[in-house]
Amino acid sequence: MINVRWLPRPASYTTVWQDMRAFTEARTSTTRDEIWLVEHEPVYTLGLAGKTEHVLNPGAIPIVRTDRGGQVTYHGPGQVVAYCLFDLRRYGLYVKEYVNRLEEVVINLLQDGYGLDGACRKVGAPGVYVPIDETPEAVSPGLNDGRTTKQLAKIAALGIKVRNGCTYHGVALNVEMDLTPFLGINPCGYEGLVTVDLAGCGVHTTVSEAGNLLARYLLQAFPARETS
Numbered sequence: 001m002i003n004v005r006w007l008p009r010p011a012s013y014t015t016v017w018q019d020m021r022a023f024t025e026a027r028t029s030t031t032r033d034e035i036w037l038v039e040h041e042p043v044y045t046l047g048l049a050g051k052t053e054h055v056l057n058p059g060a061i062p063i064v065r066t067d068r069g070g071q072v073t074y075h076g077p078g079q080v081v082a083y084c085l086f087d088l089r090r091y092g093l094y095v096k097e098y099v100n101r102l103e104e105v106v107i108n109l110l111q112d113g114y115g116l117d118g119a120c121r122k123v124g125a126p127g128v129y130v131p132i133d134e135t136p137e138a139v140s141p142g143l144n145d146g147r148t149t150k151q152l153a154k155i156a157a158l159g160i161k162v163r164n165g166c167t168y169h170g171v172a173l174n175v176e177m178d179l180t181p182f183l184g185i186n187p188c189g190y191e192g193l194v195t196v197d198l199a200g201c202g203v204h205t206t207v208s209e210a211g212n213l214l215a216r217y218l219l220q221a222f223p224a225r226e227t228s
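Residues 1 to 228 (the UniProt record's numbering) make up the sequence shown, in order.
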C-alpha cells in the first residue's frame, strides 16, 4: 500500500526537500511508496534550469534553488503540496507519462471533486489551468461595456525529480491563499501568467480537506503495487 501522511505545518521547504532526497536515496525495492502532504512557509523555489531573471521582486521571501524540473514558483500558506515518492517501475511509467497522469489527477479533482468545468493543460506550460473571466477594462483601460472574455489562470504547479527510477517533489494546488507573491515572479517562467486559487473560483474549502481529497485522487490514479 501507499503511505499517506501529513507533515507538520507550516513546514520549512529546505527541510522537507532534504528529507525527500534522503528517503529516495535510502529506499530499496521493498520500500513502500509514500505521499507527503504539506503546507509550506513562504518561499520561492527555482528549478534546475531556473533563470534568476524570472524572479522580479522577491522582497523578504527567501529563494531556494532546488533539484526539481521547471522554472520558478511560490509556495506558502493556503496552498497544499502533495509530494509523490513513487517507484515508477511499479507502474510501468516513463517520466512524460507520469507527468501527464499527475496533471490528469488534478484535472479530475477540479472537475469531478469541485465542479470546475474547463480545467485543462496548457501546451508548453506544465501544470493545470482553469478559465476565468477577464474584463476588457483590464486589457484596454477606459473600455468598460460589460463584456467579458476568458483566459486561463494557473491553479496548480508541477515539478518533479526522478532518481534511480524513483520520484520526489510533486504538485502544488492553490486553495485559499494570498496570491500577491506570484506577482513577484514570472510564474513558471511565463511573463504575465495569471494565478488563481480554489477560493477565487468559488470553491471554499480548507487546506486539510483539499489535501485529503487530492491524496484520494492520487491513490485512485496510482493503485498500490506489491513491493518486490
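C-beta: ideal position from N, C-alpha, C; glycine also.
Treat the numbers as computed from the prediction; the structure is a model and nothing was measured.
Shown here, Q71 sits in coil according to DSSP, grouped into three states, outside any helix or strand.
Among the bridge pairs identified by DSSP, G170 is matched with Y83, G159.
Under a 10 Å Cβ-count criterion, Q71 is classified as buried, with 16 or more other Cβ atoms of the shown protein chains found around its own Cβ. Sorting G170, T73, R216, L102 by C-alpha distance to the C-alpha of L85 places G170 at the top. Under the DSSP assignment, I107 falls in the alpha helix (DSSP H) whose first and last residues are 95 to 108. Judged by DSSP secondary structure, R21 falls within the alpha helix (DSSP H) whose first and last residues are 13 to 26.
Residue environment analysis places P8 among the exposed positions, since fewer than 16 neighbouring C-beta atoms fall within 10 angstroms of its C-beta. Between Q79 and V207, the alpha-carbon positions lie close to 7 Å from each other.
About 5 Å separates the Cβ atoms of P58 and G184, confirming a contact at the 8 Å cut-off. Take D67, set aside five residues on each side of it, and the residues of its chain with a beta-carbon closer than 7 Å to its own are L48, K161, in chain order.
C-alpha of E103 to C-alpha of N164: approximately 22 Å in a straight line.
Going by beta carbons, I61 and P42 fall inside the 8 Å limit.
Rounded to the nearest angstrom, the gap between the Cα atoms of V105 and P131 is 18 Å.
When G118, G50, T45, Q18 are compared, the shortest CA-CA separation from K150 is found for G118. In the DSSP assignment, V4 falls within the unbroken beta strand (DSSP E) covering 3 to 6. Around the beta carbon of Y94, fewer than 16 other beta carbons lie within 10 angstroms, which makes this residue exposed. Burial is judged here by how many other beta carbons sit within 10 angstroms of a residue's own beta carbon; K96 has fewer than 16 and is exposed. If you draw a straight line from the Cα of L152 to the Cα of F222, it comes to about 28 Å. Judged by DSSP secondary structure, V207 falls within the alpha helix (DSSP H) whose first and last residues are 207 to 221.
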